[in-house]
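Residue numbers (the numbering used here): 2 to 264.
Glycine is no exception: its CB is placed at the ideal position from the N, C-alpha and C atoms.
Only one structure is covered here, and it is reproduced in the block below.
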């Protein structure tokens with residue numbers, strides 16, 4: 002890893018002033034609050050459920066630089082934002098709708114719990130995440146609800162989780178899958194974006210491709226962001242403008258800085 006070049010690019014973009022740990026702590030707290038507000042399960046404390054998911058995530062995590070708990074919180078928070086935008090105001094009055102909301106948010110929470118990095122095909126990562134999630138639900142007695150009021154649809158949850166598998170082989174089947182997939186692609190909009198993508202993600206890619214230069218990685222990331230497809234009404238009505246102006250600008254500026262600062 003060309004740490005000198007990366008540091009120079011980061012500094013030239015003004016990203017040195019970001020307190021990464023503070024951002025991570027704030028994201029965890031904000032995501033927990035949003036989770037508690039949105040997830041409603043009979044006889045289950047949503048705050049305790051969030052904490053248990055965090056605990057099981059750390060137990061099963063392979064300490065991936067990018068696919069970690071912070072990224073998971075970013076995706077969960079984004080998914081909740083998307084669901085809040087997309088769903089009708091009678092959310093809490095519809096058991097079926099609440100069940101799908103619960104299931105989608107849990108899918109977001111578990112979507113990368115089994116991530117091994119980019120060395121393995123993503124189907125391996127997704128399969129591992131599904132197994133861990135299913136075991137977790139069994140251990141909590143949530144896989145076979147005693148009554149319909151429990152408001153969790155396990156097959157729906159696991160199918161929604163699968164929608165994040167990359168490369169994408171199909172379009173999302175419904176707006177729940179669309180929201181989750183879109184949220185998973187928006188790390189570039191976080192204040193920690195440079196460290197997240199150009200240090201942590203790059204580190205994961207180096208494990209699979211040790212000869213990958215930082216310049217080439219930046220070029221690949223620019224292509225990925227510029228070609229990304231989004232499907233949810235939430236993205237197109239709420240996020241498209243900022244994505245077009247901020248995300249695209251960021252990946253372009255990184256490439257420009259690399260070209261300028263490389264020795």
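- In the same chain as residue 21, and ignoring 5 residues on each side of it, the C-beta atoms closer than 7 Å to its own belong to 193 and 196, in chain order.
- Closest option to residue 256, judged by alpha-carbon separation, among 230, 222, 233 and 238: 222.
- Between residue 103 and residue 40 the beta-carbon gap is near 5 Å, inside 8 Å, which marks them as a contact.
- Taking residue 80 as the centre and dropping the five residues before and after it, the same chain places the C-beta of 105, 106, 109, 180, 181 and 184 closer than 7 Å to its C-beta, in chain order.
- Closest by C-alpha distance to residue 167, out of 132, 122 and 144, is 122.
- Taking a contact as a CB-CB distance under 8 Å, the pair residue 2 and residue 207 counts as one, their CB atoms being some 6 Å apart.
- For residue 49, the enclosing alpha helix (DSSP H) begins and ends at 47 to 61.
- Around the Cβ of residue 174, a 10 Å sphere holds fewer than 16 other Cβ atoms; the residue is exposed.
- The beta carbons of residue 87 and residue 234 sit closer together than 8 Å.
- Within the same chain, Cβ atoms closer than 7 Å to the Cβ of residue 75 are found at 28, 188 and 191, the five residues on either side in sequence being excluded.
- Residue 78 and residue 210 have their alpha carbons spaced roughly 31 Å apart.
- Counted as a single uninterrupted DSSP element, the alpha helix (DSSP H) harbouring residue 259 occupies residues 249 to 262.
- Look at residue 162 here: in three-state DSSP terms it is helix.
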